[in-house]
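Read the structure below first, then the notes.
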Ligand code: SF4
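In our numbering, the protein residues as written are 47 to 498.
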């Protein structure tokens with residue numbers, strides 16, 4: 047059960063030394079209880095207490111890592127049922143399947159798609175995360191060779207190694223052990239050997255149940271054997287069953303603190319249909335409802351991109367708008383006579399406006415004012431994008447040293463503050479720009495500095 051701040055405080059050394067970068071032990075204890083700070087930040091807590099507090103303050107769905115280094119994939123860590131209650135923590139991992147039954151060309155094509163289908167949106171890199179390698183021939187040699195090939199062709203891949211044979215899995219996992227692959231999967235029949243392998247290689251292990259009850263029994267066996275990092279496959283291979291199991295598992299873990307289901311889930315849309323559009327639709331349902339990771343048969347831009355966008359939307363923190371830094375952004379190599387455009391720091395606004403300016407090829411200075419992530423009109427209505435604040439920002443931004451004119455282009459939606467802004471910035475000409483970002487290129491191409 048989760049500990050309260052006061053219970054945690056009783057276990058702290060109470061030096062109030064501030065070495066944890068929090069002024070008092072009480073404040074530190076409260077933050078640990080809220081899951082905002084790791085207990086390990088206090089250097090004076092002994093290991094036994096760290097373990098007790100760490101376990102008690104751990105999220106009801108355990109955080110699991112697959113892979114190593116910066117590219118490692120993290121799943122789980124979830125603390126709520128609904129995004130609006132707090133936020134979802136770790137986006138659903140999207141994986142692609144390669145198997146030992148596929149010919150060279152098919153494997154090459156899937157790996158190639160995995161490497162090249164990357165997208166940037168609102169400053170975030172969107173891409174698939176995992177490669178599932180499956181031993182369908184029940185042959186250690188071909189399985190190990192395929193794992194080696196994936197490792198050679200993809201830089202530090204996050205691997206899911208799938209085999210019915212513990213011996214085959216052991217051979218392939220030993221080749222890839224430095225990459226900390228997910229070992230798939232433990233069943234009621236092989237749980238003991240699989241647990242021993244996962245512990246020997248310090249790898250996470252997937253439960254492969256025949257159904258939800260069986261998955262619980264296997265998870266309990268692995269937990270008893272000392273495994274900590276589990277991933278749950280309930281064996282569901284229809285959209286309805288997989289959705290039901292995902293919901294039951296999440297509810298049991300969050301609402302009932304039911305330990306055997308307190309782990310991320312893995313779903314296999316690739317095994318639920320042969321139709322690629324149906325597969326994408328199933329994947330979209332699994333992303334919306336609690337899949338820790340999904341495995342697709344192939345990655346195609348027309349289905350992967352919408353799935354990545356769906357994932358981005360669901361896993362964006364609803365309490366924290368996405369922002370870009372307040373700054374002067376030079377676009378297309380601007381000079382002293384280039385136009386100066388101002389807008390808010392809501393990242394979607396920034397990326398749309400900067401994209402249009404870049405597309406226009408007109409060298410420009412884009413000023414981004416901190417509006418706490420609010421869009422232009424909302425920020426103005428909230429008093430964060432008024433004439434006085436814009437004027438203060440212009441004066442301190444340093445833009446006046448970079449240009450030989452004094453004309454500021456403001457968003458069309460801020461037309462009503464033109465007069466006020468002219469009073470605040472008497473040296474400047476204030477020009478009302480377009481309302482819609484799509485009209486910016488034509489506007490800039492016509493723009494000439496106003497004479498004052
Ligand atoms: Fe208290 Fe430890 Fe933080 Fe010092 S470092 S203030 S002892 S919690």
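Backbone N, C-alpha and C fix where the C-beta goes; we use that ideal spot for every residue, glycine too.
Predicted, not measured: the structure shown is a model, and the values here were computed from it.
Contact set for residue i: own chain, Cβ-Cβ below 6 Å, skip 5 residues either direction
i	result
residue 80	none
residue 343	143, 316
residue 159	345
residue 275	110, 250
residue 117	202
residue 466	433
residue 16	The chain is shown only over 47 to 498; residue 16 falls outside these bounds and no answer can be derived.
residue 74	66, 68
residue 243	216
residue 379	409
residue 483	398, 399, 402
residue 349	326
Rounded Cβ spacing between residue i and residue j (contact assumed at less than 8 Å)
i	j	result
residue 225	residue 252	Not really, about 16 Å apart at Cβ, beyond 8 Å.
residue 237	residue 271	7 Å
residue 452	residue 426	Not a contact, Cβ separation roughly 22 Å.
residue 219	residue 247	6 Å
residue 372	residue 415	6 Å
residue 312	residue 329	In fact, because the Cβ distance is near 12 Å, the residues do not count as touching under 8 Å.
residue 157	residue 200	6 Å
residue 221	residue 190	6 Å
residue 528	residue 121	In the structure as shown, the chain begins at 47 and stops at 498. Residue 528 is therefore absent and cannot be evaluated.
Other residues of its chain near residue i: CB distance less than 8 Å, five sequence neighbours each side excluded
i	result
residue 50	79
residue 165	171, 172, 173, 351, 354
residue 363	133
residue 445	374, 386, 411, 413
residue 114	202, 224, 225, 226
7 Å Cβ shell around residue i - same chain, five flanking residues per side excluded
i	result
residue 400	375, 377, 412
residue 478	456, 458, 461, 464
residue 430	417, 418, 420
residue 357	137, 138, 333
residue 235	none
residue 496	453, 475, 477
residue 319	325, 328
residue 264	232, 233, 234, 237, 253, 255
residue 289	331, 335
residue 245	272, 273
residue 293	335, 336
residue 296	127, 336
residue 428	420
Strand pairing of residue i, partner residues [DSSP]
i	result
residue 411	376, 386
residue 121	110
residue 145	180
residue 204	176
residue 229	207, 251
residue 116	Partner(s): none; residue 116 has no beta bridge.
residue 339	139, 312
Validate contact between the segment 352-367 and the segment 434-442 using beta carbons, cut 8 Å, 3 pairs = No: fewer than three Cβ pairs fall under 8 Å.
Contact between the segment 196-206 and the segment 80-92 (3+ Cβ pairs under 8 Å) = no
Between the segment 278-290 and the segment 254-268, do three or more beta carbon pairs fall short of 8 Å?
-> yes
May I ask you to verify whether the segment 285-300 touches the segment 110-119, counting CB pairs closer than 8 Å and requiring at least 3?
-> no
Counting pairs of Cβ atoms below 8 Å between the segment 100-107 and the segment 320-328, do you hit three or more?
-> With the cut-off at 8 Å, the segment 100-107 and the segment 320-328 do not touch.
Within the chosen definition, does the segment 126-145 reach the segment 178-192 through at least 3 CB pairs nearer than 8 Å?
-> Look at the beta carbons and you see the segment 126-145 touching the segment 178-192: at least three pairs across the two are nearer than 8 Å.
Are three or more beta carbon pairs between the segment 121-129 and the segment 297-309 nearer than 8 Å?
-> yes
Segment contact flag, the segment 386-405 with the segment 481-491, C-beta cutoff 8 Å, min 3 pairs = yes
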